[in-house]
Structure formats: structure tokens, C-alpha cells
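In our numbering, the protein residues as written are 1 to 408.
Don't be surprised by glycine CBs; every beta carbon is placed ideally from N, CA and C.
Working notes for the structure below.
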Ligand code: GLY
């Protein structure tokens, strides 16, 4: 009698696991099918916007970033920190479909960003070049792309300030900050780890690790909420100011900043296996998911301390970055893996249900309801190219994890 019962249970469990696998594939397929038609539409919208703007060539516009208050598609030049996300999304389409037409499209939007490889005026090199050429190289082994990414990494490390052991983020607001570093900068370290592996030049590794350590020391509060901007004295390494630029207040936790932190430290752990980076990522996950102001659907308000919660805009971009990071974190912190995966799945399910753009509308973006900079009243409750990019990345990670049990 005992054995039939065991057999029945096993059959039932394998039925449940098949069902689960099926629903994983359903959401990934459904969202990628939508992305295929929406990104094709986006490319026609780009052509239209370029044709309508008589100064487009002079402005050297290359990529969509958002929809402006006038309802028009906002295109940016390669120097804009967002220029790499649209080509990156096209590379993810190619990765998912293996269809040459997406490779061609991705190449078309990636090529014009090459000039950024020598632009040492910003820390945003990873966002621009790694998301575009970096993905392109990973998927095609194109030697030319590899050289472009490597040169970009050499340009990025010219911003390293050895006494403070950080990479300088911005050059603007020189009257306010001597050497500002933003939590976002953690994301650009991935380019340096890649460059170390390709070139074997340990300078890249050491700079990335130093930056990540200095950021642990100065960017986090006791509860693992983050400051957005830390201003450094480049001679003494002393912290001069703790500020915000896109958050609600100097002492508040800006939602996307916290998302950059969980993603950045998870990636740093992947590349170094230093336990303090894993610990940091776990603490940030804990901050986000035990926060009393995190809504039930796990799509955060634009700042965890925004004053009018629940009457504040959500930031879908923070949710997509976090979901992508959580899938990776689940592969390192096995004790909490199921919890991380569940949170990431819930984010993707809720985004797919309630935050999607309309097919053939919304200028070809995938997701609505992100926030660029609330304090400047800029890009509030709009689609953003990086929300879409990390959404596709999270979907791909969900699929790969479901199929192989690992990511890297
Ligand atoms: N890296 C700029 C932002 O997150 O808005």
C-alpha cells in the first residue's frame, strides 16, 4: 500500500513541476513576443522622429530614451548615459530568438555609439558601451566590438582617483562637489571586470574592487539604505558631503539607487567571490523587501521615503533592475534562493499584468510608469529605455535559470 502512495505523490509532484516550468516559459514567451512586435514598431517610430527633426543629424541622435511631455519620442545622442539600452534590448531579442534580423537591427543601433570609447567625461561607459557592444561581443565574438569595449574600459579608468580609491562619476556641478560618486557607478564596474578577464591587466580588477570597497564604507547607512551622491576629497580621500540628486532627500533612499546597489554587489560577487560583496547584496535585498513602504506588488515608489506615499509615482525601472539582480543572487545565496526567485517572479508577473505599454502604441516602449528624476520634475511616470532593457534581461535570466539552474 505504501509504494502506490509514493508513486502517486511522485507523479503529482512531477505534474506540478511541469506546470511550473510551463508557466515560466509562458510569461517569458508572452513578453518576448510582445517585445518583438513592440521593438519593431519602436524602430519605425525612431525613423519617423528622425525624419521630423530637421536638426537630427547635427544633434547626432542615435537611440530612444523616453517619451517627452509633448508626447514625442525623445531620442538621444551617443554621449547620453541611456544610449546603450535600446541597442542592448535588440541584442537581448537576438539572444532570445537567434533570428539574424535582430542581430542586424542590434548592429545598426550599436555602431553609432563607437565614438564613446574615448569619451572620458563621464562614468557612464558601462551603461553605454557594455550594454551595446559588450552584449554584441558576447553574442557574436566580433573582434572589432571587443576592441571597442576594451578601449572604453581604458578610458573609464582615467577617472580613477587613487587616494580616495573611487572612480569619479560626474563632472557637472563643480561648484557643489569636488569629486562626486553616485551609487549608480557600481554598475559600470562590470565593464572593468570584463576588461580584466580579456586583457589580464590587473589594474582593471584592482580599481573595480577598490571602488566597490570604498562604496561599502561610505554609501550605506546602518539599515543598508544608500546615499545617492558621496563627495570626496581626492587628496585625503575624506568624505566631504552626503547628498542626493535624484532622491527625495539627502537622508532618503532613492529606489533606483538601491536597485543599482543590489545589482552591483551581486555582480561584484560573481566576478571576485569576495564574501563581503555577497553580504552587501543580501543586506540590500533585505532592505528592499522588508521596507514598510514597498507596495504589495513589489514595484517600489520612486523613493522609499517619498513624503506622500501611497500617492507617489512608482519606479518600474527600479523593479526591473532588482528582478534581474535577484535571479543572479539566488544562484549564490542558496539558503535564500527560493525567496529571491519568488520575489523576482512576482515582480515580472505584476509588471506583465499591470504596467505594460499598449501594443503598437507608447512609441514602442515595453513598460510604462518609471521615474527619471522626480526632484527636477523630469521623466516622471513615463517609459524609460533602461526599464525595458533590464526587463528583457530579467526574463532571459528567468528562462536560463529555469532551464539550466545557473546563469554564469
Ligand atoms: N544613472 C542615472 C540614473 O539612474 O538615473
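Report the rounded CA-to-CA distance for residue i versus residue j, giving the unit in angstroms.
| i | j | result |
| --- | --- | --- |
| residue 239 | residue 173 | 17 Å |
| residue 360 | residue 383 | 14 Å |
| residue 275 | residue 297 | 31 Å |
| residue 57 | residue 63 | 13 Å |
| residue 333 | residue 189 | 21 Å |
| residue 261 | residue 224 | 10 Å |
| residue 394 | residue 323 | 6 Å |
| residue 169 | residue 406 | 33 Å |
| residue 142 | residue 156 | 21 Å |
| residue 209 | residue 181 | 15 Å |
| residue 98 | residue 232 | 46 Å |
| residue 424 | residue 234 | As displayed, the chain neither begins before 1 nor continues past 408, which places residue 424 out of reach and without an answer. |
| residue 178 | residue 164 | 12 Å |
| residue 72 | residue 373 | 19 Å |
Suppose the cutoff is 7 Å on Cβ atoms and the five residues either side in sequence are ignored; what does the same chain contact list for residue i look like?
| i | result |
| --- | --- |
| residue 392 | 35, 89 and 92 |
| residue 121 | 171 |
| residue 18 | Its pLDDT being 45, under 50, residue 18 is placed unreliably by the model, and the measurement read from it follows with that caveat. Contacts found: none. |
Assuming residue i contacts residue j (C-beta within less than 8 Å), just tell me the rounded distance between them.
| i | j | result |
| --- | --- | --- |
| residue 371 | residue 381 | 7 Å |
| residue 81 | residue 128 | 7 Å |
| residue 154 | residue 207 | Incorrect: roughly 11 Å between the Cβ atoms, too far for contact. |
Near residue i, which residues of its chain fall below 6 Å by C-beta distance, leaving aside the five closest residues on each side in sequence?
| i | result |
| --- | --- |
| residue 266 | 281, 325, 328 and 329 |
| residue 103 | 94 |
| residue 83 | 62, 63, 76, 113 and 128 |
| residue 399 | 28 |
In the DSSP assignment, find the alpha helix (DSSP H) that holds residue i and state where it starts and stops.
| i | result |
| --- | --- |
| residue 63 | Run containing residue 63: none in the alpha helix (DSSP H); it sits in the beta strand (DSSP E), 61–67. |
| residue 345 | 337–354 |
| residue 216 | 202–219 |
| residue 148 | 143–156 |
| residue 275 | 275–289 |
| residue 242 | Per DSSP, residue 242 belongs to no alpha helix (DSSP H); it is in the beta strand (DSSP E), 239–243. |
To which residues of the same chain is residue i closer than 8 Å at the C-beta, ignoring the five residues directly before and after it?
| i | result |
| --- | --- |
| residue 37 | 359 and 360 |
| residue 341 | 326, 327, 330 and 401 |
Would you give the residue range spanned by the beta strand (DSSP E) that residue i belongs to?
| i | result |
| --- | --- |
| residue 256 | From DSSP, residue 256 is part of no beta strand (DSSP E) but of the alpha helix (DSSP H) over 255–272. |
| residue 372 | 370–373 |
| residue 489 | As displayed, the chain neither begins before 1 nor continues past 408, which places residue 489 out of reach and without an answer. |
| residue 378 | 378–382 |
| residue 235 | First-last for residue 235: undefined, no H or E at that position. |
message = Tell me whether the stretch 304–323 and the stretch 246–254 touch, counting them as touching only if at least three CB pairs, one residue from each stretch, are closer than 8 Å.
response = The count of Cβ pairs closer than 8 Å, one atom from the stretch 304–323 and one from the stretch 246–254, reaches three, so the stretches are in contact.
ask   = Does the stretch 143–163 come within contact of the stretch 216–231, defined as at least 3 CB pairs closer than 8 Å?
value = Contact fails: fewer than three Cβ-Cβ distances are below 8 Å.
Inter-stretch contact at 8 Å, needing at least 3 Cβ pairs: the stretch 343–353 / the stretch 200–219 = Not touching, per the Cβ criterion.
inquiry  = Would the stretch 365–379 count as touching the stretch 312–322 if we require 3 or more Cβ pairs under 8 Å?
reply    = With the cut-off at 8 Å, the stretch 365–379 and the stretch 312–322 touch.
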